[in-house]
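Student:
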Amino acid sequence: MSIEVKNISKRFGNFVALDNISLEIPTGELVALLGPSGCGKTTLLRIIAGMESADEGQVLFHGEEATHVHTRERQVGFVFQHYALFRHMSVFENVAFGLRVKPRAERPSEAEIRERVMKLLSLVQLDWLAERYPSQLSGGQRQRIALARALAVEPKVLLLDEPFGALDTQVRKELRRWLRHLHDEMHIASVFVTHDQEEALEVADRVVVMNKGHIEQIGTPDEVYSAPASPFVYRFLGNVNVFHSRQHGQWAEVDRATHVEKDEALAFVRPHDIDIQRESSAGALSASVLHVQAIGPLVRVEVEHQGEVFEVELTRERHTQLALAAGETVWLRPRNLRVFQGEEMVSSQTFDLGAGI
Amino acid sequence: MSKVHRVNTESRPIRWLLTALALGFLFFFLGLPLLTVFIEAFKQGFGPYWGALQEPDALSALGLTLLIALLVLPLNILFGFAAAWLIARFDFRGKSLLTTLIDLPFAVSPVVAGLLFILIFGRQGWLGPWLQAHDIKIIFALPGMVLATMFITLPYIARELIPLMQAQGKDEEEAAVSLGASGFQMFWRVTLPNVKWGLLYGIILANARAMGEFGAVSVVSGHIRGETNTLPLHVEILYNEYNTVGAFAAASVLALLALVTLVAKSFVEWRMQKETAMLGAELPAERVPLAAGAPQPAPRGGNEKLEATRRFSERTEQ
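Taken in sequence, the protein lines are chains A and B.
Letter 15 of the first sequence, counting from 1, is numbered 112 in this note's numbering, and no numbers are missing.
Letter 217 of the second sequence, counting from 1, is numbered 1189 in this note's numbering, and no numbers are missing.
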């Protein structure tokens, strides 16, 4: 079932949590709501679930008005950050809950309940824990049980609020892959909230980047990473170097056309989109090497240009070619850069730096 | 066994002195009064003791005490849940004021509470003339005693439930609703089981206080024998009439009730701790302070032994 959110606004006192948000999520898509804490992503998720009511706007499920439908009737599966398992019930009873509270006419028989619960538990590979209590499980196991419980009522929409936020890195990675797999099998619309950009980029079909109650950008993980629509998205998704075009006169060669006096234009370049060269060339900035550090497959080089420190990431091969040492003077050239004036993008440029990359 | 040398400890004589002091206090203020109650009650043997308890007035006082508790507790449970729900689940203006107001009965002297009801419902009170015109008796009758007891015991259950429900949060309840549970199903299957031991703890305390209450009930009861006398009032009347055996026999029933309360309370506390440990719930570490901060007025007889007895039973209740 598809989800559509139209012109949703929500305030808490003077604080604007959501400001005129519109969003469409087709069936079968796994969407990440990504943003820093306080950006309104969880509020939006809770409004979709019906746990919070919007001040303005509509929520539509499969094209039908659902704004005022009670949570209980929305048929959404909701997974909480802290699992929210029923602590006094066994794992089996937790998963069976949604079936047991159905009206008598719709309630499956005890045997059917048993069968469905065990099926779900084996789906999340935890059928051997059926008789345990939530307190006897690890964090990752609890979250899988919470998912099984949400799926027991065959929801039309799966909503996950920071589902992996409380887990450690190893378990988180495993569960991410597992969620992606599960979603593909269910063929439903899923929305998950996260503040972890890596998680959003890795799992989601589409990423909705939010900031201060509004949507900054909607796009595939590749789009939001390599073609950010705003300085915020640039900064939030990965590392970025910001060049003040006025200050860095030589770099202005690159964005000369957009240089306007009244509002400073800023050039955004990802660390891996800068190449370091030994020879000076047109449009290159001179810089001195401060520090060289190998991190996994990459080599991070800190350089200084006119009193500001920038980060450059080189491949190991490129670094071997260059053999940089601290204190040396080098030349920087961008491969890909975008210039923003305030919130607005004024140009996006890609340069072919030729061989040697 | 090797001898452990402790650095931060008092010298041996001081330790002995402190221990003796503590035990001495315990004996004089708790043990001795309790012992006195039973010694005085059985002074003339078991026959007169049993006889005193079989008196119609004694039975009626016992019956009334139980009736009041039976009427007050359900109302208290209802109020406790309503207040806890409101405070733990919603944010609103004046929330801290409400929390403070719930504690008011702890701070107000029970006698003042009783007088308060006389001012409202008494013959010369605000609603007096209207009540008289409609022939409704509240003061010097059961309704007044129930109201006074309600007032005194109001905070007990709410005070247990509020921190518990605050600590547990609303996630589980929201999960239940998202799974299709109705409000009643959510309450019955999720909310109640999560707070059941806290609730029981509150009920035990409220019950003990309801049965043992003297001051507030004394003011509104009118002391009509066989009609508006509760057990604590009965004790006082008999004692003032120099019926020592009768007074202490009735007092022994209250003391037994206190002991039963103590055991039940310990059991529930133990269960709660076990449950907390097992379920990993984040309960508040400390129990709510329940010390009745209000100065307790001396009973009208001004009798010190009786006062000690009453204080004892109150202490164990709390």
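Each residue gets a CB set at the ideal place from its N, CA and C atoms; glycine is no exception.
Remember, it's a predicted structure, so these values are computed and weren't measured experimentally.
I'd like to know whether the C-beta of A:R246 is nearer than 8 Å to at least one C-beta of chain B.
Tutor: A:R246 counts as touching chain B.
Student: When the distance is taken between beta carbons, is B:E1144 closer than 8 Å to A:A181?
Tutor: Yes; because the gap between Cβ atoms is below 8 Å, this pair is in contact.
Student: Using the rule of at least 16 other Cβ atoms within 10 Å of the residue's Cβ for burial, across every protein chain shown, is A:V351 buried or exposed?
Tutor: Because A:V351 sits at a pLDDT of 46, beneath the cut-off of 50, its placement in the model cannot be relied upon, and the point is left open.
Student: Who are the Cβ neighbours of A:S106 in its own chain at under 7 Å, not counting the five residues just before and after it?
Tutor: So the list reads L115, D116, N117, A151, D152, E153 and G154, once near-sequence residues are dropped.
Student: Just to confirm before moving on: does the CB-CB distance between A:V366 and A:V337 stay below 8 Å?
Tutor: The answer is yes: Cβ separation under 8 Å.
Student: Please determine if the segment 1072-1083 of chain B and the segment 1094-1102 of chain B are in contact, where contact requires at least 3 C-beta pairs separated by less than 8 Å.
Tutor: Flag = no, the segment 1072-1083 of chain B and the segment 1094-1102 of chain B do not touch.
Student: Using the Cα positions of A:E162 and A:E101, report the straight-line distance between them to the nearest angstrom.
Tutor: C-alpha separation (whole angstroms): 9 Å.
Student: Three or more C-beta pairs under 8 Å: does that hold for the segment 1181-1195 of chain B against the segment 1101-1121 of chain B?
Tutor: Segments in contact, yes.
Student: What separation, rounded to the nearest whole angstrom, lies between the Cα atoms of A:S459 and A:S323?
Tutor: The structure shown does not extend to residue 459 of chain A, since chain A is modelled only from 98 to 454, so the question has no answer here.
Student: Hey, does B:Y1157 have any beta-carbon neighbour from chain A nearer than 8 Å?
Tutor: The question names Tyr, yet the displayed sequence has Gln at residue 1157 of chain B. Chain A contact via Cβ: present.
Student: Do you know whose CA, among B:N1212, B:T1163, B:M1244 and B:G1116, lies nearest B:Q1138's CA?
Tutor: That would be B:T1163, whose Cα lies nearest to the Cα of B:Q1138.
Student: Classify A:N104: buried if its beta carbon has 16 or more other beta carbons within 10 angstroms, exposed otherwise.
Tutor: That one is exposed.
Student: Quick check on this structure: which residue in A:M283, A:Q446, A:V198 and A:L264 has the alpha carbon closest to the alpha carbon of B:F1156?
Tutor: Looking at the Cα atoms, A:V198 is the closest of the given residues.
Student: With burial defined as no fewer than 16 other Cβ atoms inside 10 Å of the residue's Cβ, what is the status of B:N1201: buried or exposed?
Tutor: B:N1201 should be labelled buried.
Student: Check the Cβ of B:S1154 against every Cβ in chain C and list those closer than 8 Å, keeping chain order.
Tutor: The chain inventory of the structure shown lacks chain C, comprising the protein chains A and B.
Student: Rounded to whole angstroms, what's the CA-CA distance from A:T355 to A:H167? Just pull it up for me.
Tutor: Its pLDDT being 45, under 50, A:T355 is placed unreliably by the model, and the measurement read from it follows with that caveat. Straight-line Cα distance between these residues: approximately 52 Å.
Student: Whole angstroms are fine: how far does the CA of B:D1107 sit from the CA of B:E1254?
Tutor: Any reading at B:E1254 is ruled out, since the residue's pLDDT is 40, under 50, leaving its predicted position unreliable.
Student: To the nearest angstrom, how far is the alpha carbon of A:V275 from that of A:G174?
Tutor: Position check: residue 275 of chain A holds Trp in this sequence, whereas Val was assumed. About 17 Å.
Student: Could you please give the first and the last residue of the uninterrupted beta strand (DSSP E) stretch that includes A:L372?
Tutor: Looking at the sequence shown, residue 372 of chain A is not Leu but Asp. Residues I371 to Q374.
Student: Return helix, strand or coil for B:I1092, following the three-state DSSP convention.
Tutor: Correct three-state label for B:I1092: helix.
Student: Confirm, please, whether the CB-CB distance from A:S385 to A:E401 is below 8 Å.
Tutor: It is a contact, given that the beta carbons lie within the stated cut-off.
Student: Kindly indicate which residue of B:L1031, B:A1188 and B:A1153 has the alpha-carbon position closest to the one of B:F1078.
Tutor: Answer by Cα proximity: B:A1188.
Student: Rounding to the nearest angstrom, what Cα-Cα distance links B:A1055 and A:V330 in this structure?
Tutor: Whole-angstrom Cα-Cα distance: 45 Å.
Student: Among A:V128, A:E121 and A:E190, which one has its Cα closest to the Cα of A:H159?
Tutor: Residue A:E121 is the option with its Cα nearest to A:H159.
Student: Along the chain, where does the beta strand (DSSP E) containing A:G154 start, and where does it finish?
Tutor: E153 to F158 is the extent of the beta strand (DSSP E) around A:G154.
Student: Can you tell me whether DSSP reads A:L223 as helix, strand or coil?
Tutor: Three-state DSSP puts A:L223 in coil, outside helix and strand.
Student: Residues of chain A with a CB under 8 Å from the CB of B:E1146: which are they?
Tutor: Residues of chain A passing the Cβ test: M148, T168, F175, F177 and A181.
Student: For A:E162, which residues does DSSP report across the bridge?
Tutor: Beta-bridge pairing links A:E162 to A:L157.
Student: Using the C-alpha atoms, what's the distance from B:L1234 back to B:I1134?
Tutor: When rounded, the distance between both Cα atoms is 23 Å.
Student: Pull out every residue of the segment 231-259 of chain A whose Cβ sits closer than 9 Å to any Cβ of chain B, in chain order.
Tutor: Under the 9 Å Cβ criterion, the segment 231-259 of chain A contributes P231, S232, Q233, A243, R246, A247, A249, V250, P252 and L256.
Student: Could you tell me how far apart the beta carbons of A:I285 and A:K253 are, in whole angstroms, since I believe they sit closer than 8 Å?
Tutor: Correct: roughly 6 Å between the Cβ atoms.
Student: If A:L429 sits next to A:I371, beta carbons under 8 Å apart, how far is it from one beta carbon to the other, in whole angstroms?
Tutor: About 5 Å separates the two Cβ atoms, so the contact holds.
Student: Does any C-beta atom of chain A lie closer than 8 Å to the C-beta of B:D1029?
Tutor: No, no contact with chain A.
Student: Output the distance between the C-alpha atoms of A:L411 and B:S1068, rounded to the nearest integer angstrom.
Tutor: Cα to Cα, A:L411 sits roughly 58 Å from B:S1068.
Student: At what residues does the alpha helix (DSSP H) containing B:D1075 begin and finish?
Tutor: Premise fails: B:D1075 is in no alpha helix (DSSP H) and is neither H nor E.
Student: Roughly how many angstroms separate the alpha carbons of B:L998 and B:L990, rounded to a whole number?
Tutor: Computed Cα separation, rounded: 12 Å.
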